[in-house]
Each structure stands twice: as structure tokens, then as C-alpha cells.
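Chemist:
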Amino acid sequence: MNQQLPMVIVVLPLFGTIAGFCTGWWARKMPFILAIMALGGSFTGAVVVASGVMKTGPLHYHISGWIPPFGIEYRIDHLNALLLVLISFLALATAVYARSSVEKEMPDRVFLFWCLYLLLITGLLGIAVTGDLFNLFVLLEVASLAGYALVAAGDRRAAVAGFRYLVIGTVGACFYLLGVGYLYIATGTLNIKDLAVLLPPLYGSGTVITAFIFILAGLAIKIALFPFHAWQPDAYTHAPSAVSVIISTAAAKTFTYALIRVMFSVFTIDFMRSNAPMTGVVCWTGAASIIIGSVYAIAQDNLKRMLAYSSIANVGYLVLGIGLCGATSLGLKPVVVHLVNHALIKGAMFMAACAVIYRQELRHISGLQGLSRQMPVTALMLVLASLSMIGLPPGGGFVSKWYLILASIESGQWGFVAVIFVSTLLMLVYFWRVIEMIYIRPPLSEPAPVTRWSGEQPLGMMIPCVVLSVLSFAIGLVWMSGALDGLIQGVNLNFGLGGVP
Amino acid sequence: MNKGGQSISDRTSCYQPTAMGLSVAFHLLLILGLSVFYDPAGSSHFWPWVPSLGVSFSIRLDGLSMLFSWLICGIGIFVQLYAYHYMKGKPSSGLFHAYLTLFMLAMLGLVLSGNLLLLFIFWELTTLTSYLLIGFDHEQELSRKNALQAVLVTGAGGLALLAGLILLGQMAGSYELDRIINHHAAFASDKRFAPALFLILIGAFTKSAQVPFHFWLPGAMSAPAPVSAYLHSATMVKAGVYLLARLSPVFSHSDLWFWALALTGGVTAVWAGLLALNQKDLKLMLAYSTNVALGKLIFLLAFGSRYAVSAALMFIIAHAFYKASLFMVIGTVDKATGTRDYNRLAGLGRVLKFSFIASGLSALSKAGIPPLPGFLSKEYMYKAALEASYIPAAVLVSVNSLMAALALLVVVRPFIYKPTEGTVPATSAEKSVFLWVPPLCLGILGVMATTLGLNWINTAVIVPAGMMISQAPDIEGLKLWQGLNLPLALSGISLLLGIAIFVVHARIKEVIGAAIRLLPSGSQCYDRVMNWITRLASVQTDMLQHGRLTGYMFVLFLMMTLLTLFSIPALPLPDTLDWQDIRFYEAMLGAGLTAAVIIVLVSRSRLLAIVSLGAAGFITTLFLMFYNAPDVAKTQLLVETLTVIFLVMIVRRLPKLSDVLPHPVGRRVLNAGISLTIGAGVFWTLYSISATELDTRLTDYFAASSVIKAHGRNIVNVILVDFRALDTLGEITVVVMAALGASAILLHRKRGRE
């Protein structure tokens, strides 16, 4: 059983979909129960696999026994292991959260939601475990299509948002596929490990560089990096609550993972170093994304949309970290740290923001006056996550920024330090508006008399929200305590990073 | 206030006595505990906490941190007591005491940290907790704006400080204060020295409200009186001074340190003093006078000589007592009269007797009347200045005379002058002991400190703390009587000047006001920057996030074009095409394909475009047929057919092409350029690669083992269902999902229509 775990983790949600689809027609509550069971199983499996990887090193699984590169291989090293745990945890938390929100937002399509949701998770988990570039494409499409459909099921303007997401996302998938095609022509293989062996002599080849660019651009669209981000704000804003949560966290982070995997497992740090201008482009695109995303957020009054823009900035942090990783002794540490932190922080924020919409139908920051009295817990969680994001020590955001600043200084790039500073100040401005509205401004009018808690979100939504918010702050302490240093070292070791540059 | 809120606030309000009692007890406990552990020689306690970041939970308890700890906890007790009555009846007043205690803890952590990063963490926590306090009963737009302004300015400073501390830590190879201070000689020549110093100075100057960052402090004084009393006296703003004092051994030998501190401190002290004279609001006047005090402290730290250090330490003590007391008195005055307007207050001395005494004592110390602490510090600062030259002495004389004038202004008119018609009558607010005992105690303590406890202060604080700052072995205790000398004369001069300024205050106020209006104010610059950012944000959103898909796609492909430029240098030059090699049917198909695509592009009829698109697809299929890929051709044929069918199905629902505005010509040319570039790029890369031999390892394996191992004769099928079955499963899932997704949308539409 243990040996089959990598497969089981991915397949459980798929079975959940099928079972949910079959039972959902007559038993309304079944899909939710099945989803929780499937995701709970995946999460447990992921934890077991991850602890195994931490102990014994990378794990291989050959699907139907075909050895790579002929068959498809699942390969789990430290980074995938972390991601598996992260995705399955977020998926589980969001599933718990989704129950009430889906009942309210799409009462007529509850079981369709659960089917699509589980398929999305299947795709994401699959991306996280696969060791094959083409399989990764297929799963990318599974996840993306589920994403398009889920987004389109949202509010009145969601269909248009979903359509745009579909069109732009498909272009991204095409780019990715083209790149993979080029690589296949150049090397005759699709297995990631195999590619890493065959590619080095071809690093100077125009085809390989083109392939890299196509894959990079394709994935940049998926992670909504500036200037490939245009689909993202609408999609995040108009999607149903639970969908906003999951695509801004698990999905976005998984696509970022795919980018890291391609950049450092297929191509390697040597390729990046031999194409120094490319590394520069990666860094500066990240920096531009940070600034532009933050500036967008300043002008935004719609809370969900502001969070979406802030995600663009945070993707920038990740990409900047990726660009810098070859030049510092920290390696991918800033990236891995921020990947986890941002997933938790954004998850908490979207959960809180959507809970406000769920209860009070308040979408705009200017309408949040007096929220601390109507929804004390939600308001507190929103503020806690905001503070973590801004970088109040010792929260998660602080550790992210700390490592990024350290990486920038170590690689001698003072410009990026300035970028991080400016973006933090901008972040302070746009999150402070939220904090001010919630805590400092008095309520506009006398709200209807309510007893305590009646304005608060239902417990099923509140628990995941509280868990994520607290984690988003506490994770900073976890990182700082060094409890996860072994994991990060493992990640860096697998990619040949983190040594003396 | 809603009912729910009311009940919550009522609950915390009735906890207020408990909250206050616990807080005060906690303060006392801390004072006792720290005093017991205190060893004037200095002691460090070290627990590794965050080895990965180099953060350890190391505590450093020496003269300097003890001085601040005593002030923080000691003044804290009086503030808690004062707040008891001041906040009584306000919603959540119990919480207020908790916030105060939290802030006190953050502040205490800051001064006790023996590790730079720990110090930074507490630094930011004081920012956060102080805004919990400042924002406690914010109801006005202006004060909210000021709160943001304060957060931003100190936040920016915090970031700069972080970078500076990182650099410092990198230079020293450790974030432990002990290590950094002991090794400071090693990094004087490091090229990171100057940037580190610069960044740390920015951090300290923003926190301690030095010019040009001074504007946030008076802005943030809309806080309740106990908060102002606490923040302005012993805590918050002193954090910057503390940090500079702490790091003084590391940096003080550099010129940059001296000039930056001397100029900033001097300018701040004088400028803020003038601004203070120009205020109407008594509280604002005091707030600006805090700026003066901070400037003076920074100015003294610049010199770092033994006299300067002793003077600075004494002044920190004196200032903490008199400023806290004065802010409390103003709070009481506000309670009693409902105003803090300087011009509308007079004759309060008869009603608010105790407040009058408290403010009188504090003002005497502020003005520097012998033998009060204010005087003592003044003596030593003149000594220090005269050691250097006459210029700093002149600066100090002017600053001190401004201080003296301010002290007179705060007390004489509101309390002593006879009430006139315009003044507001005072109600007796001193019924509650909590409103007058704390300021009175502070005032008395401030006076007694030097007369009764000077020896103790010297041995317990001044000497050990001074050693920490200047590392000079010759620090000695302060003496009350220095003899008749120049510093005493200067003290007298500044006092007289202060009285003179007070007398002509009304007249010079106008002059100052006129002068201030000429200069740019920090607050205005801040507003302008904020406006500018907001405008930039909307412009950017309009430009980039306009909601038109065509525009998005344009940017996308433009970026793609630019990125492909990278691969061009690495691509081989294409060989000249061998035109002879092209067969007739190939040429025909190529021509047909091109024609079909051009028709799609220029057609003004949707139907024609769809038909041509279909034609292009079918011609592609033919290509595949000719190149021995029947499987792919079959698939392609199906896809093309379905595409055309779907397009025809929806074509009637689309708006007429003539109704859609075409892009302007320039844009169309650009579009054409982009698509041609991408097309050419793809062609070129494919063409250059088609020359290389395809690696057939996989194909060979599949051919060899599909029958033997997978028991299938159709290799493509075997690949699909066996070798790469997972991909096929994925693709099937995609199809299912498309159906699910469509039904999710359609179901909704249908229900919606019903």
C-alpha cells in the first residue's frame, strides 16, 4: 500500500468525483461527504509520503510498471512532497469552507461544483507528483479546465471572466505544449530526469532556448505574472467564494511549482547561468510584477479584486526569488518560504473576504465600516492575515521578505531591495485602508439590532478561516525555528542550488 | 453603537478596574524583577531561538536598558492610573489597559533585546501596538489620515532599519549585540559600513520624528491623553534615540555619524521649537516640544563625549517625567473645559489646583531652573558643547531658550492669567484622584530626583549607561554644583531669553507663522506623493486592465515576440531553400492554405470567414495525410469539422461584424507584425531543427515491445492505452470536465431564465 501511495493520493479525488457524480443526483449531501473523505485521504497520504521523502530521499513510482523514459514516472522529491501536503491541506480546508458558501451561491449546482472541485484538485496533485513533461501538460489542462468552469459558475459577470480566463489560459497551454514539443524533437524524450541528462550539450541551441521561452511564457500566463496577468483579476473577483480561495492558493502555487520544476529540473541552474540575460529578464519581470501589482491594488475598492492584484505582486516575489536563486547561498529558500506563506495568507484573506460577502453582501472596502462589531472574528482574521502579509514580524510575510532581501543583498542587487521596500509600503497603504475601515472608522449607520455572533460567518466557514489566518502568522515562527530547514536543504540539494555562488 | 457592540463594550468596561489593577501589578512586578536582576556592570542572558535566522532570545540588561526599563515601567504605572478615570465610561475601556500593557511589553522587549533582529521584531511591534492605542477612539477623518501617515513613515523607516541591520549583521557575521559592539573596529573600513549607517539612521530618525520625517508625530497626537503622555515621554519616540545610543560605539567614530546626527538633531530642535511656538492647541505645542527634545538628544549623541552623554542621559530622565506630567495635565484641562485652545484658556489655577502644581513643577524642570534635573542636564550639555566649539553652544542656547519659553507658555497663561471674556470656564475635573495624583506624583518625582536621589541615579544609571554609550572609562557622576562658570552663565542666558520670547510671543508668532508658510511642509509633500500614487494607480488600471480581451491578447503576444528575440542569436541561419525539392501538390496546398488564411483575415462576413477557416483546417489535414500521419489526420479532420459546426451554430448569436469597430490602422499593422514575427520564429526554429536527426529511442522501444510486452499490434493504440495510459485518462477527464463545466453554466442560465 505504501508503495502505491503516490498514485493513491492523486486518484482518490478522481474517485471522489465519480462517486460524487453518481450519488449527487439523489443524495444532496453525498458529494460533500465524499469530497471530505477523499481529500482527507489525500492529505494523510501526502503527509506519509512527505515524511518518507524527508527520511529516505526522493521516491519513484513507475505507472503500470513501465520504466522511464518509456512510461510515465511519478517522482517525488522534497519540493513535490511539500507541495503535496500544501495542496491537499488547502484543498481540505477550502472544501470545509465551501460547504456553506456553495449552498448559498449555486444551490442548483452543488454536486457539479464538487465534481469540478475534486477534478481540479486531482489535476493539481497530479502536477505535483508527475515526472513527465507531457503528463504535466495533460494535468495542467485538467486543472485549468476545471478552473475555467469553476470560475464561470460564479456571479453575474463570472461567465465573461471565465471565458477570458479560458482564452488566455488556453494560449498559455499552447505555448507550454509547443515548448514541450520542441524539447521532444530536440531530445526524443519527455521524462524530466531524462531531459536533464540529455539537454546540457544542447544548452546553446536555438531550439532549446525557444522551447524554454515558450514553456516559461506558457506558465507565466498560468501563474498570472505581469504582463501575462490580464485574466486574473476578473477571474479571482467574480469566481464563487470557494473557487477564489482555491485558485488563488493551491492552483496558483502549483503552477508556480511547475515553473520551478521546468526551470531547475528540466533545464538546470547551469542553463540559467549560461543564459544570464534570461535570468535578468526573469528577475526584472518579477520586480515589475511586484510594483505594478501593488500599484493596481492601491486604486482598488473591491476587496476581492484588491486581493487579486496583490496576488500579482506576490507572484512577482516568487519569480524574483526564482531569478535570484542561482546567485545566493540561500538558493530556493525565499521562494519555497514565500510559496507556503503566501498560499496560507491569501487563502485566509479570500476566506475572510468571501465570508463578508456571504453574510453582509459587502464587496467594497469602503463599505466595511464597523465590520469589527458585526463580524468580530472574521474582521480579526482579515487583519491578522493582512499584518502577516505586510510583513509584521514574526509573521509569515516578514520571513518571506527577510529572505528575499537577504537574497537580493547577497547577489548585490540593491535595486531589488528597493523594489521590495516600495512594494511593502504600497502594501501597507492598501491593507491599511482595510484595517482602518474595519477597526477605526465608526459604522455608517445604526445597524439592525443583532445578538452577538449572529452577523458572523457560519462555523464551517469560520474554522478553516481561523486556522489559515493563525497559520499564516505562526508559519513565520515555524520557518524561523529552523524546523523545516532540512526540507529546504533537500530542495536546494535536488536542484544543485544553495551552495556558495 | 449597536446592541451587540454595546454589550461587548459594557462587559469590557466593567472589567476596567480589574484590567487596570492587573496591569499596574504587572508593571510593579516587572520593575521589581528587573531591578533584582540588574547588575550595573551589565549582564546578558542568551537562549538560541531561531538559529536559521541568527535570532536568539538574548536579553541584555545593562545600564542603558535598565534606565529605559525603569522609565517605561515606572511612567507606565502612572499612565495606567491616569487612564483609569480618563477612559472611564468609554467603550472597551478595559481593553485599553490591555493595549497599554501590550505596548509597554513591546517597548520593554525593544530595550532589553540583545539581538538586533529581536530588537527589530519588537521595534515593529511597538509600531503596531502604538496604533492600537492611537486609533483607540478615532472618529475624525483627519486623525485617521494622520494615523496612516504615521504608519507609513515609521513603516518605511522600519524597512530601512531592517536593511541596515541586515548589513550590520553581515559585516559582523552575527546579529548579537555583544559581538557587534566588541568587533566594531573590524568593519569601519567595510564598504557596507556607510550604507548600513545611513539606513539605520533613517530608521531611527523616522521613529524619533527628526526633520524631515518630523511631521508624523504631531499628526499622531490625536490619541487619548494617557497615550500621548506615554508615547511622548518614555516610550515610542525614544526608541530611535535608544537605538542610536545603543549602536553609538559601533558608528560614533565616523564623520558621517557626527554630521548626520548633529545637523539633523540641531535642525529638528530649532525648527520644531519654532513650530511649537506657532501652535494654538496646547497639546500640539507639547507634541512639537517633544520633537525639540528628541532633536536635542540626537544632537548630544552626535558629540558622544562624556559630558554630552551624561547630559543626554539626565535629559532623558528629566524629559520623561515632565513631559508625561504635562500631557496628563493638558488632558485634565481638556476634560475640565472641553478645549485645548491656548487663547481660550485662563485662570485654571484656581479650579484645577493640583494640576496647576503638577504642571508648575514640570515646567520648572523643563525650563531648567536649578536644581531640577532639567537644569542639571543643561549644565552638562553646555559643558559638552563648549568642549567642541561655540557653534553647538549657540545652537543649544537657542534650543533651550525655546524650551523655556514653551514651558512658560503652557503654564502661565492657562493657569495664572485672569479669565477674560473669551475664555472658557472650567468645571472641576479633579474630583477623581486618578486625574490629579499621577501628574502630581510625576511632577514631584521629577523635582526630587536630583535633589534627593542624585547619588543613586549616578551610580545606578548614569555611569553604567554612559559607559555603554561612549565606552569611555572616564564617565563620572553628575554634580549638582559646578561652580560659577560659563555653562551656568549660558543656562542663565537661555532662561532669560526664554522669558523674553514668552513676553513677545504674540508678536513673533506671526513672524514665525509667515516664515513657515513659505517653506514646504512634510505633511504637504506626503499628501502630494499619496495623490500622485493614487492617480498613477487609476491611470495604470485604465491602461492595462481595460477589460478588452483583444488588448490583453495583444500584450501577451507582444511579450512573446520580444521574448523570442532571445533565441534568435542562437538559431542557425537557415540554409537556402531548395526550390526544386518542392513538389507541385505541396506548392498548391501551401498556396491554398495561405489564401484561406488571408480570406479569414480580410473577410467582412462571418460565414465566409468560418468557411475559410474550415478550408484552412482541411488543407492542414491533407498535409498530415501526405506525410504518413493518418491517425493525426483523422483526429484533425474531426476537430476541424466540429469547430466549423460549432462556429456555424453560434454565428447567428454574435453581433454583426459591421457593428464591431475595427482597430485603427496602426494597431492592425502592429498586430500583423507580431503575428508574422511569431510565425516566422516558429517556422525558423522548426526548420532549423528538422535538419537534426530525431532521437528514436522511444519509438524503437515502443515498436520492439508493444507486441511482446503490451500485447498489442497497433503501436499508437498501445501507447495511448498502455505506455502512457495516464495521459489518456487525463484527456478523458478533460472531456468530461468540459461537459460538466458547460452544464454548470447552462444549468444556471436555464434556472435564471425561469
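Here the protein sequences line up with chains A and B, keeping their order. Residue numbering for the first sequence follows the numbering used here, beginning at 3 and increasing consecutively. Residue numbering for the second sequence follows the numbering used here, beginning at 59 and increasing consecutively. The C-beta atom is built at its ideal place from N, Cα and C for all residues, glycine as well. On a predicted model such as this, the values are computed, not experimentally measured, just so you know.
Using the Cβ count rule (16 or more neighbours within 10 Å means buried), how would you classify Asp1 of chain A?
Modeler: Residue numbering for chain A in the displayed model covers 3 to 503; residue 1 of chain A lies beyond these limits and cannot be assessed.
Chemist: Can you grab the Cα-Cα spacing for the pair Met707 of chain B / Ala667 of chain B, in whole Å?
Modeler: Within the second sequence, numbered from 1, the residue matching residue 707 of chain B stands at position 649. Within the second sequence, numbered from 1, the residue matching residue 667 of chain B stands at position 609. If I take the Cα positions, the gap works out to 14 Å.
Chemist: Taking 7 Å as the limit between beta carbons, can you name the residues of its chain near Leu179 of chain A, skipping five residues before and five after?
Modeler: Start at 1 with the first residue of the first sequence, and residue 179 of chain A comes out as number 177. Excluding residues within five positions, the ones whose Cβ falls inside 7 Å are Phe139.
Chemist: Give me the subset of the region 477-494 of chain B whose CB atoms are less than 9 Å from a CB atom of chain A, sorted by chain position.
Modeler: Listed in sequence order: no entries.
Chemist: Taking beta-carbon pairs under 8 Å, can you tell me which members of the region 171-188 of chain A lie near chain B?
Modeler: The region 171-188 of chain A vs chain B, Cβ under 8 Å: Val173, Phe177, Leu180, Tyr184, Ile187, Ala188.
Chemist: Under 7 Å, CB to CB, which of the residues in the region 329-362 of chain A have a partner in chain B?
Modeler: Cβ contacts with chain B: none found.
Chemist: Tell me whether Asp248 of chain B sits in a helix, a strand or coil according to DSSP, three-state version.
Modeler: The residue labelled residue 248 of chain B in the question sits at position 190 within the second sequence. Correct three-state label for Asp248 of chain B: coil.
Chemist: Measure the Cβ-Cβ separation of Ser102 of chain B and Ser116 of chain B and say whether it is below 8 Å.
Modeler: Here residue 102 of chain B refers to the residue found at position 44 when the second sequence is read from its first residue. Here residue 116 of chain B refers to the residue found at position 58 when the second sequence is read from its first residue. A contact, by the Cβ cut-off of 8 Å.
Chemist: Below 7 Å on C-beta distance, what does Phe178 of chain B contact in chain A?
Modeler: The count along the second sequence starts at 1 and reaches residue 178 of chain B at position 120. Chain A residues near Phe178 of chain B: Pro395.
Chemist: Checking contacts by CB at 8 Å: is Cys117 of chain A closer than that to chain B?
Modeler: Here residue 117 of chain A refers to the residue found at position 115 when the first sequence is read from its first residue. Closer than 8 Å to some Cβ of chain B, the Cβ of Cys117 of chain A qualifies, so yes.
Chemist: Under 8 Å between C-beta atoms, does Val379 of chain A make it to chain B?
Modeler: Stepping through the first sequence from its first residue, residue 379 of chain A is reached at position 377. Cβ-Cβ to chain B under 8 Å: no for Val379 of chain A.
Chemist: Would you kindly report the start and end of the unbroken alpha helix (DSSP H) that includes Glu445 of chain B?
Modeler: Against the second sequence, residue 445 of chain B aligns to sequence position 387. From DSSP, the alpha helix (DSSP H) with Glu445 of chain B extends over 431-446.
Chemist: List the residues that DSSP assigns as beta-bridge partners of Arg118 of chain B.
Modeler: On the second sequence, residue 118 of chain B is found 60 positions in, with the first residue counted as 1. DSSP lists B:Ser102 as partners of Arg118 of chain B.
Chemist: Please determine, among B:Ser232, B:Leu168, B:Phe84, B:Gly261, the residue with the shortest C-alpha to C-alpha distance to Ala214 of chain B.
Modeler: Residue 214 of chain B sits at position 156 when you count from the first residue of the second sequence. That would be B:Gly261, whose Cα lies nearest to the Cα of Ala214 of chain B.
Chemist: Which chain B residues sit within Cβ distance under 7 Å of Trp68 of chain A?
Modeler: Residue numbering aside, residue 68 of chain A sits at position 66 when the first sequence is read from its first letter. What Trp68 of chain A touches in chain B: Phe781.
Chemist: What does the alpha-carbon distance come out to for the pair Val480 of chain A and Leu486 of chain A?
Modeler: Here residue 480 of chain A is taken as the residue at index 478 of the first sequence, counted from 1. Here residue 486 of chain A is taken as the residue at index 484 of the first sequence, counted from 1. Rounded to whole angstroms, Val480 of chain A to Leu486 of chain A spans 7 Å at the Cα level.
Chemist: 8 Å is my cut-off, CB to CB: does Pro630 of chain B come that close to chain A?
Modeler: Position 572 of the second sequence, counted from the start, is the residue given in the question as residue 630 of chain B. It does; some Cβ of chain A falls within 8 Å.
Chemist: So within the region 275-313 of chain B, which uninterrupted alpha helix (DSSP H) runs reach at least 4 residues, ignoring any that extend past its ends?
Modeler: 283-291, 296-309, all fully within the region 275-313 of chain B.
Chemist: Determine the chain B residues that contact Gly190 of chain A at a beta-carbon separation under 9 Å, and present them in chain order.
Modeler: Taking the first residue of the first sequence as position 1, residue 190 of chain A is located at position 188. The answer, in chain order, is Leu752, Asp753, Thr754, Arg755, Leu756, Thr757.
Chemist: Using a cut-off of 8 Å between C-beta atoms, extract the partners of Asn137 of chain A located in chain B.
Modeler: In the first sequence, the residue the question calls residue 137 of chain A occupies position 135. Result: Arg782, Leu784, Asp785, Gly788.
Chemist: Assuming contact is defined by CB atoms lying nearer than 8 Å, are Ser318 of chain B and Leu355 of chain B in contact in what I supplied?
Modeler: In the second sequence, residue 318 of chain B corresponds to position 260, counting from 1. In the second sequence, residue 355 of chain B corresponds to position 297, counting from 1. Note that residue 318 of chain B is Ala in the sequence shown here, rather than Ser. Result no, Cβ atoms of Ala318 of chain B and Leu355 of chain B do not sit closer than 8 Å.
Chemist: Are the beta-carbon atoms belonging to Trp128 of chain B and Thr212 of chain B less than 8 Å from one another?
Modeler: Indexing the second sequence from 1 puts residue 128 of chain B at position 70. Indexing the second sequence from 1 puts residue 212 of chain B at position 154. It is not a contact, given that the beta carbons lie outside the stated cut-off.
Chemist: Rounded to the nearest angstrom, what separates Gly164 of chain A and Ala205 of chain B at their Cα positions?
Modeler: If you number the first sequence from 1, residue 164 of chain A lands on position 162. If you number the second sequence from 1, residue 205 of chain B lands on position 147. Approximately 40 Å between the Cα atoms of the pair.
Chemist: Based on Cα-Cα distance, which residue from A:Pro202, A:Tyr186, A:Val55, A:Ala175 lies nearest to Leu756 of chain B?
Modeler: As a first step, residue 756 of chain B is located in the second sequence; it is residue number 698 there, counting from the start. It is A:Tyr186.
Chemist: Thr76 of chain B CB to nearest chain A CB: under 8 Å?
Modeler: In the second sequence, counting from the first residue as 1, residue 76 of chain B sits at position 18. No, Thr76 of chain B does not count as interfacial toward chain A.
Chemist: Note down, in chain order, each residue of its chain lying with its Cβ closer than 6 Å to the Cβ of Met248 of chain A, except the 5 sequence neighbours on either side.
Modeler: Counted from its first residue, the first sequence places residue 248 of chain A at position 246. The question names Met, yet the displayed sequence has Ile at residue 248 of chain A. Excluding sequence neighbours, Ile248 of chain A sits near Thr96.
Chemist: List the residues that DSSP assigns as beta-bridge partners of Glu234 of chain B.
Modeler: In the second sequence, counting from the first residue as 1, residue 234 of chain B sits at position 176. Answer is B:Asn173.
Chemist: Tyr63 of chain A bridges to which residues according to DSSP?
Modeler: Numbered from 1 along the first sequence, position 61 holds the residue referred to as residue 63 of chain A. Paired residues: A:Tyr76.
Chemist: Identify, in the order they occur along the chain, each residue of the same chain with its Cβ nearer than 6 Å to the Cβ of Leu302 of chain B, setting aside the five sequence neighbours on each side.
Modeler: Residue 302 of chain B sits at position 244 when you count from the first residue of the second sequence. Around Leu302 of chain B: Ala262, Leu359.
Chemist: Residues of chain A with a CB under 9 Å from the CB of Leu210 of chain B: which are they?
Modeler: Reading the second sequence from its first residue, position 152 is the one you call residue 210 of chain B. Near Leu210 of chain B (Cβ distances below 9 Å), the residues of chain A are Leu427, Leu430, Val431, Trp434.
Chemist: Can you grab the Cα-Cα spacing for the pair Leu733 of chain B / Gly609 of chain B, in whole Å?
Modeler: Counted from its first residue, the second sequence places residue 733 of chain B at position 675. Counted from its first residue, the second sequence places residue 609 of chain B at position 551. The sequence shown places Ser at residue 733 of chain B, not Leu. So the alpha carbons of these two residues sit roughly 14 Å apart.
Chemist: Report all residues from its chain with a CB closer than 6 Å to the CB of Leu422 of chain B; omit the five preceding and five following residues, and keep chain order.
Modeler: In the second sequence, counting from the first residue as 1, residue 422 of chain B sits at position 364. Cβ within range, chain order: Leu430.
Chemist: Given a cut-off of 8 Å on the beta-carbon distance, is the pair His20 of chain B and Ala462 of chain B in contact?
Modeler: Past the edges of chain B, shown from 59 to 812, lies residue 20 of chain B, and the structure says nothing about it.
Chemist: Quick check for students: name the residue ranges of the alpha helix (DSSP H) that lie wholly in the region 303-387 of chain B, counting only runs of 4 or more.
Modeler: Listed in chain order, the complete alpha helix (DSSP H) runs (minimum 4 residues) inside the region 303-387 of chain B are 313-335, 340-361.
Chemist: If we ignore side chains and look at the alpha-carbon of each, how far apart do Phe642 of chain B and Ala649 of chain B end up?
Modeler: Position 584 of the second sequence holds residue 642 of chain B. Position 591 of the second sequence holds residue 649 of chain B. Those two C-alpha atoms are separated by around 11 Å.
Chemist: For His340 of chain A, name the three-state secondary structure that DSSP assigns.
Modeler: By 1-based counting over the first sequence, the position of residue 340 of chain A is 338. Three-state DSSP puts His340 of chain A in a helix.
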